[in-house]
Every structure is written in structure tokens, then in C-alpha cells.
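Residue numbers (this note's numbering): 9 to 249. Beneath this line is the structure, given in C-alpha cells, with notes to follow.
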């Protein structure tokens, strides 16, 4: 099902095994664990692809719609974070995962089409919260000290939703505040997906999980749709029109 067609790109949702295989081929380039074995969550998710006029898949992500917080224990993020506080969330939610862009095609147009497609889905599902895990490359927290310090100082989740520690190996973001952080360097070190989340008023867990299997560190990220700044909401809807 086509979601958005703009500027030579088409975003569409598909459950067709052949289309999903194309998404997996791109994912395997960026997520090492996906090369070894299928991810068990894929069968429960919807898959979105963004392709160009030549049919090349340039971006993909998967979505798991939830009727409410009572289903969050079955999400991918619940493997790594204690989400009991979000378990009482009263409203539809969507987990966004495995978001990746072709390494040779990282440009604003592709990302805008991807977010336009996501906006359409969120509106269609009536979702009130979007959440997922935003990954930083590598497992050495020192390389992300400025970004972690900024996240702790400015973007921690409200206590009523804040994830608890569950994973065996984590890094407290507060540890990065042992010295002043460079805001410019911190912003430059944010993954593009997380930067977009934060621009929509998103928040993160107070710790990062060290994921040895993926070779990354990630933070839980949530965005309450009703709290997205009006100007940003209008921009997203204009892109999705």
C-alpha cells in the first residue's frame, strides 16, 4: 500500500515476502545481527520501504502498533528496559524499530518521505505515543560523552514514564555529566533518528543499554503525539499531504 509519493521517492507498506526480503537486505548492511538469523519480532510488525524511481530500497523501518500500555511488554524495547510505568498508558501506541537508510543515500529528501509515511500511519492508527530504541554506534560510552550528558541534562523522560533498568549492561547518562559538555559537539553526535525525535519534544531513558549483539548502545525514546510542537506538527502533516 502506497503511503507517500514525493520527489521521485515512494514510501509504501507491505507484507509481501518479496518486498520484506528487500527491506531485510538493506537492514543486513546496517544491523549485523540481522545477517545471522531472522528477528522474531519481524513477523509481528508492519514493514515500510522507501524506494526511488529505479526501485532501489533506500530506507526501511518496521512498526508494531499496540492498543495501549498493557501490551508494551511484548515490544522489542521491553527486552532491554523495565517499562512497567508505561504499562498503564491509556491510548494507542506505535513502536518504531530497525530504522535505517542506505549508507550511500543519506539525504534530507529520503528522510522527509520516511517521516511523511510515518505521520500518515500514526494518524491512521490514532496513535498517541511513538517509541523505540535510538542507537549510537559502538559500545564505548566515552565516544558519546557529550551527547549522553546533554540527553541527561535536557531530555530525560518524565518520571511517570521513565524506563527502569533491566539490561545486564548499562551506562548511566548522569555519569557523563562529570564534566561540562560541548553542546555543539553533543548535537552533532546524535543519531539522525534521535535528533528528529527530540525535535518533536521527545525524551529518553536515563541510561543507555550496551547491546553487544548489535555492537551499539541505545536509549529508549518516546514521543507523545499530543505534545509535538504545533509548528512541527503542521510541517509533518504538510509533508504527508
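All C-beta atoms, glycine included, are put in the ideal place defined by N, C-alpha and C. Nothing here was measured: the structure is a model prediction, and the numbers come from that model.
Contact defined as beta carbons within less than 8 Å: I believe residue i pairs with residue j. What is the distance between those atoms, to the nearest angstrom?
i: residue 20; j: residue 106; result: About 16 Å separates the two Cβ atoms, so there is no contact after all.
i: residue 159; j: residue 217; result: At roughly 13 Å, the Cβ-Cβ gap does not stay under 8 Å, so residue 159 and residue 217 are not in contact.
i: residue 104; j: residue 69; result: 6 Å
i: residue 210; j: residue 237; result: In fact, because the Cβ distance is near 11 Å, the residues do not count as touching under 8 Å.
Leaving out the 5 sequence neighbours to the left and right, which residues in its chain are closer than 6 Å to residue i when beta-carbon positions are compared?
i: residue 7; result: Outside the displayed span of the chain (9 to 249) sits residue 7, for which this structure offers no information.
Which residues in the same chain have their Cβ closer than 8 Å to the Cβ of residue i, if we skip the five residues on either side of it in sequence?
i: residue 65; result: 30, 31, 33, 34, 57, 58, 59, 110
i: residue 102; result: 71, 72, 73, 74, 129, 130, 133, 135, 137, 138, 139
i: residue 90; result: 171, 172, 173, 174
i: residue 95; result: 77, 78, 80, 81
For residue i, which of the options has the nearest alpha-carbon?
i: residue 199; options: 237, 142, 215; result: 142
i: residue 250; options: 203, 145, 178, 177; result: One cannot answer for residue 250 here, as it falls past the ends of the chain, which runs 9 to 249.
i: residue 232; options: 207, 148, 197; result: 207
i: residue 27; options: 48, 55, 47; result: 55
i: residue 97; options: 236, 238, 205, 76; result: 76
i: residue 184; options: 169, 215, 177; result: 215
i: residue 11; options: 48, 125, 235; result: 125
i: residue 189; options: 99, 167, 152; result: 152
i: residue 87; options: 49, 67, 108, 247; result: 49
i: residue 197; options: 146, 85, 245; result: 146
i: residue 41; options: 244, 223, 239; result: 223
Check whether chain C comes within 9 Å of residue i, counting only Cβ atoms and requiring the distance to be less than that.
i: residue 40; result: Going by chain labels, chain C is absent from the structure shown, which holds only one protein chain.
Leaving out five residues on either side along the sequence, give the residues of the same chain with a beta carbon under 7 Å from the beta carbon of residue i.
i: residue 212; result: 159, 163, 164, 165, 227, 228, 229
i: residue 113; result: 66
- request: Would you mind listing the beta strand (DSSP E) stretches within the stretch 172 to 222 that are 3+ residues and don't spill past its ends, in chain order?
  value: 178 to 180, 215 to 219
### Message
Tell me whether the stretch 135 to 144 and the stretch 25 to 37 touch, counting them as touching only if at least three CB pairs, one residue from each stretch, are closer than 8 Å.
### Response
no
If contact is defined by three or more beta carbon pairs under 8 Å, each pair taking one atom from either stretch, is the stretch 81 to 96 in contact with the stretch 118 to 128?
Touching, no, given that fewer than three Cβ pairs across the two stretches are closer than 8 Å.
request  = Only counting runs of 3 or more residues, tell me where the beta strand (DSSP E) segments fall wholly within the stretch 87 to 118, in order along the chain.
outcome  = 101 to 109
Q. At what residue ranges does the stretch 30 to 86 contain a whole run of the alpha helix (DSSP H), taking only runs of 4 or more?
A. 41 to 44
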